[in-house]
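Novice:
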Amino acid sequence: AEPRALPRDLEGRRVVISAGGTREPLDPVRYLGNRSSGRQGYALARVAAHRGADVTLVAAHTADLADPAGVRVIRVGTAEELRSVMLAESDGADAVVMAAAVADFRPVSQVGHKIKKTDQDPEPLALTRNPDILAELVEARNADKLAASLIVGFAAETGDPTTSALEHGRAKLARKGCDLLVVNTVGDGQAFEVEDNSGWLLGGDGTEQPIPFGAKSRLAATLWDAVTRQLSQQ
Ligand code: CTP
Ligand code: CA
172 AEPRALPRDL
182 EGRRVVISAG
192 GTREPLDPVR
202 YLGNRSSGRQ
212 GYALARVAAH
222 RGADVTLVAA
232 HTADLADPAG
242 VRVIRVGTAE
252 ELRSVMLAES
262 DGADAVVMAA
272 AVADFRPVSQ
282 VGHKIKKTDQ
292 DPEPLALTRN
302 PDILAELVEA
312 RNADKLAASL
322 IVGFAAETGD
332 PTTSALEHGR
342 AKLARKGCDL
352 LVVNTVGDGQ
362 AFEVEDNSGW
372 LLGGDGTEQP
382 IPFGAKSRLA
392 ATLWDAVTRQ
402 LSQQ
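Under the UniProt record's numbering, the letters of the sequence shown match residues 172 to 405, in that order.
See below:
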């Protein structure tokens, strides 16, 4: 889209967006990671900046993406780093969007040297849970320890034999307590799965808006529309 064609409806708003996938080190040369490209978070940052927002993009590992113009970019590695930067940067924000793919687990211990192979099989990898940053942001905000007007989560869901992707999304919204949750239906190859490449924008107030999943900039525009609507109602 042409930057000039976009509304400047985020002028005067400060938004903080996380993007990419965290990497959890095992030793100096190895990590547990995920396939997140960061493209959705970058598109959110680019569109928000075009619409006039003051944007901070907290980027974990991403594909080779150009920094969006006029956006402050802070790079992080692990979920723990992402957590501390998000908690610090989100204070005073009008909207916080967790588009990052946060590793759910990390190795219990990090070895200071490169792990060497021996003639034995290795011990199973011991993992521990990472903090749930989105849930923590909501908790801090609800306890008046963080001033953040709107907190937004993302979820990629597949259906399973007992529960549809939308139902998983609803449950996740309730669990996280965020104001908006973008539910992205991930195709799982099932013949019954008719919601491929589509999703919903779920509101904490019970609203459910179907989203035709096209370009990531399209989804970004839909999300910022919902954010500006909710901010103007506050
Ligand atoms: N998230 C987070 N911290 C984590 C895990 C996830 O802040 N440790 C955020 C993500 O950035 C996303 C939302 O929570 O905005 C949903 O992530 P998802 O992985 O779908 O949810 P989980 O609670 O981890 O549940 P599961 O992976 O079991 O579906
Ligand atoms: Ca997860």
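Backbone N, C-alpha and C define an ideal beta-carbon position, used for all residues, glycine too.
I want to know whether the region 275-291 touches the region 220-239 - three or more CB-CB distances under 8 Å.
Specialist: No, because fewer than three Cβ pairs between the region 275-291 and the region 220-239 fall closer than 8 Å, the two stretches do not touch.
Novice: On the DSSP bridge list, what partners appear for residue 198?
Specialist: As a position in the sequence shown, residue 198 is number 27, starting the count at 1. According to DSSP, which records beta bridges pairwise, residue 198 is partnered with 201.
Novice: Could you have a look at residue 245 and say whether DSSP puts it in helix, strand or coil?
Specialist: Residue mapping note: residue 245 aligns to position 74 of the sequence shown, counting from 1. Here residue 245 sits in strand by DSSP.
Novice: With DSSP collapsed to three states, give me the class of residue 177.
Specialist: Counted from its first residue, the sequence shown places residue 177 at position 6. The answer is coil: DSSP assigns residue 177 none of H, G, I, E or B.
Novice: For the beta strand (DSSP E) holding residue 374, just list the boundary residues, first then last.
Specialist: Stepping through the sequence shown from its first residue, residue 374 is reached at position 203. 369-374 is the span of the beta strand (DSSP E), which, as asked, contains residue 374.
Novice: Below 8 Å between beta carbons: does that hold for residue 189 and residue 270?
Specialist: The residue given as residue 189 occupies position 18 in the sequence shown. The residue given as residue 270 occupies position 99 in the sequence shown. Yes, the Cβ-Cβ distance between residue 189 and residue 270 is below 8 Å.
Novice: Starting from residue 211 and walking both ways along the alpha helix (DSSP H), at which residues does that stretch end?
Specialist: As a working note, residue 211 is residue 40 in the sequence shown. First-last of the alpha helix (DSSP H) with residue 211: 210-221.
Novice: Is residue 274 closer than 8 Å to residue 250 when the C-beta atoms are compared?
Specialist: On the sequence shown, position 79 is the one that residue 250 refers to. On the sequence shown, position 103 is the one that residue 274 refers to. Against a cut-off of 8 Å, the Cβ pair of residue 274 and residue 250 comes out as a contact.
Novice: Here's the rule: buried if 16 or more other CB atoms are within 10 angstroms of the residue's CB, otherwise exposed. What is residue 289?
Specialist: For the purposes of this step, residue 289 is taken as the residue at position 118 of the sequence shown. Its Cβ having fewer than 16 others within 10 Å, residue 289 is exposed.
Novice: In terms of residue numbering, what span does the alpha helix (DSSP H) encompassing residue 251 cover?
Specialist: Residue numbering aside, residue 251 sits at position 80 when the sequence shown is read from its first letter. Counting along the chain, the alpha helix (DSSP H) containing residue 251 begins and ends at 250-260.
Novice: Taking just the CA atoms, how far does residue 323 sit from residue 254?
Specialist: For the purposes of this step, residue 254 is taken as the residue at position 83 of the sequence shown. For the purposes of this step, residue 323 is taken as the residue at position 152 of the sequence shown. Between residue 254 and residue 323, the C-alpha separation is close to 15 Å.
Novice: Let's see if you can read the secondary structure: which residues bound the alpha helix (DSSP H) around residue 310?
Specialist: If you number the sequence shown from 1, residue 310 lands on position 139. Note, residue 310: alpha helix (DSSP H), 304-313.
Novice: Report, in whole angstroms, the separation of the C-beta atoms of residue 266 and residue 184, which I expect to be a contact under 8 Å.
Specialist: Within the sequence shown, residue 266 is the residue found at index 95, counting from 1. Within the sequence shown, residue 184 is the residue found at index 13, counting from 1. Indeed they touch by this definition, with Cβ atoms about 7 Å apart.
Novice: Could you compute how far the alpha carbon of residue 225 sits from the alpha carbon of residue 203?
Specialist: Counting from one through the sequence shown, the residue named residue 225 turns up at place 54. Counting from one through the sequence shown, the residue named residue 203 turns up at place 32. In a straight line, the C-alpha of residue 225 is about 32 Å away from that of residue 203.
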